[in-house]
Structure formats: C-alpha cells, structure tokens
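Participant:
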Amino acid sequence: MNAHRTFVRVALALQTLTLFLQATTAGLLLTTSYGETLHGVGARVMYGATMLYVLAAVLAWRPGGGSPRPIAYSTGFLLLASAQVVLGIMREPALHVPLGVLMFGLSVLDLGRVVTGPARARSDAPIAPSAGRPTDAWTGPGARS
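Take the sequence shown: its position 143, counting from 1, is numbered 147 in our numbering, and each next residue is one higher.
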C-alpha cells in the first residue's frame, strides 16, 4: 500500500474518531460545567481533522495517481462540518444534533469503504478449489451426506 492511501486512511480514521468524541462531549455539555469547553475544543479538532482529510484526498489523487472520488467525499464532509459549526454557534440543537449523527454515520461508512476497498476487488477473483474437495458441496454444520 502506498503512503498516500495510508494518509487518507489515517486522516479519515481521525475524522471519524473526532466525530465520535464530539458526541461524547455533547453529552458532557448537558451534564457538566466543563462540557462546553471540551465540546468547543473538540469542534476545532474535528474541523482540522476534516481539513486534513481533504488534504490527504488531494495528495492521494494528484501526486499519488489515485481516484478523485475521495476529494468529493472529503469536500462534502468539510461543507457539513462548516454547517455544523454555524449551527453550533447559533445554538440550534434541533439541527446540530441530527447533523452530527449523520456526519458520524457517513464518516463510518466512508472509513469502511476506504479500509475494505482493495479487499473487495480481490474477492472478485476466482478461488482455486482445494485438492480433492468438491467446490459445490456444503461441509458445515447440518450438511447432508
């Protein structure tokens, strides 16, 4: 695996982690005196992680020869993060909270796509049968003889 793809994976994993931590600090925001400070700091870190994902996607595309598709995904996340920051500053929890949940879900899906992408391509290749075993027989529990 090349360094550019690794950078994309790390940046996306960091983005996903910071989104999860934002959900955690949102709960602290409601229950502790220091929750607002943690959530505010976390928002800045999350925004930086999202910008890092954009940078990683651009570097994987141009110099690395990868697909431009991650640039669209990362730019979309940056736009969602921008909207999230604005909604948080405006104190609009009715929109801020569901958007945060959506962003976390999309980030997990994107991370899954990036992590399993090459493996999925390999799984399409035909698998050579084992010596002496039929390939169409089920040999697991409950198999008929």
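Positions of the beta carbon are idealized from the N, C-alpha and C atoms, including for glycine.
Values in this document were obtained by computation on a predicted structure and should not be read as measured data.
How many whole angstroms separate the CB atoms of Val119 and Ala61, which I take to be in contact at a CB cut-off of 8 Å?
Facilitator: Translated into the one-based positions of the sequence shown, residue 119 becomes position 115. Translated into the one-based positions of the sequence shown, residue 61 becomes position 57. Not quite, the Cβ-Cβ distance comes to about 15 Å (not below 8 Å), so this is no contact.
Participant: Could you check where the alpha helix (DSSP H) with Gly69 kicks off and where it finishes?
Facilitator: Here the question's residue 69 lines up with position 65 in the sequence shown. No alpha helix (DSSP H) holds Gly69; DSSP gives it neither H nor E.
Participant: Sort His8, Ala64, Leu25 by Cα distance to Phe108 and report the nearest one.
Facilitator: In the sequence shown, residue 108 corresponds to position 104, counting from 1. It is Leu25 whose Cα lies nearest to the Cα of Phe108.
Participant: Can you tell which of Gly52, Gly69, Ala53, Thr28 has the C-alpha that lies nearest to the C-alpha of His8?
Facilitator: Translated into the one-based positions of the sequence shown, residue 8 becomes position 4. Nearest option by C-alpha distance: Gly69.
Participant: Measure the CB-CB distance between Leu99 and Leu91 and report whether it falls below 7 Å.
Facilitator: Position 95 of the sequence shown, counted from the start, is the residue given in the question as residue 99. Position 87 of the sequence shown, counted from the start, is the residue given in the question as residue 91. Yes, the Cβ-Cβ distance between Leu99 and Leu91 is below 7 Å.
Participant: Between which residues of its own chain and Tyr38 is the CB-CB distance below 8 Å, once the five residues before and five after are set aside?
Facilitator: As a working mapping, residue 38 is identified with position 34 in the sequence shown. Counting only Cβ-Cβ distances below 8 Å, and skipping sequence neighbours, we find Leu32.
Participant: Pick from Tyr77, Val101, Leu23: whose alpha carbon is nearest that of Leu34?
Facilitator: Counting from 1 along the sequence shown, the entry for residue 34 is found at position 30. With distances taken between CA atoms, Leu34 lies nearest to Val101 out of Tyr77, Val101, Leu23.
Participant: Give every residue of the same chain whose Cβ lies closer than 8 Å to the Cβ of Leu103, excluding the five residues on either side of it in the sequence, and list them in chain order.
Facilitator: In the sequence shown, residue 103 corresponds to position 99, counting from 1. So the list reads Leu84, Ala87, Gln88, Leu91, once near-sequence residues are dropped.
Participant: Identify the continuous alpha helix (DSSP H) that holds Arg95 and give its terminal residues.
Facilitator: Translated into the one-based positions of the sequence shown, residue 95 becomes position 91. Taken as a continuous stretch (DSSP letters only), Arg95 belongs to no alpha helix (DSSP H), as it is neither H nor E.
Participant: If I measure Cβ to Cβ from Gln19 and keep anything under 6 Å in the same chain, skipping five residues before and after, which residues do I get?
Facilitator: As a position in the sequence shown, residue 19 is number 15, starting the count at 1. Hits under 6 Å: Ala53, Thr54, Tyr57, Ser111.
Participant: Helix, strand or coil for Tyr57 per DSSP?
Facilitator: If you number the sequence shown from 1, residue 57 lands on position 53. The answer is helix: DSSP assigns Tyr57 an H, G or I state.
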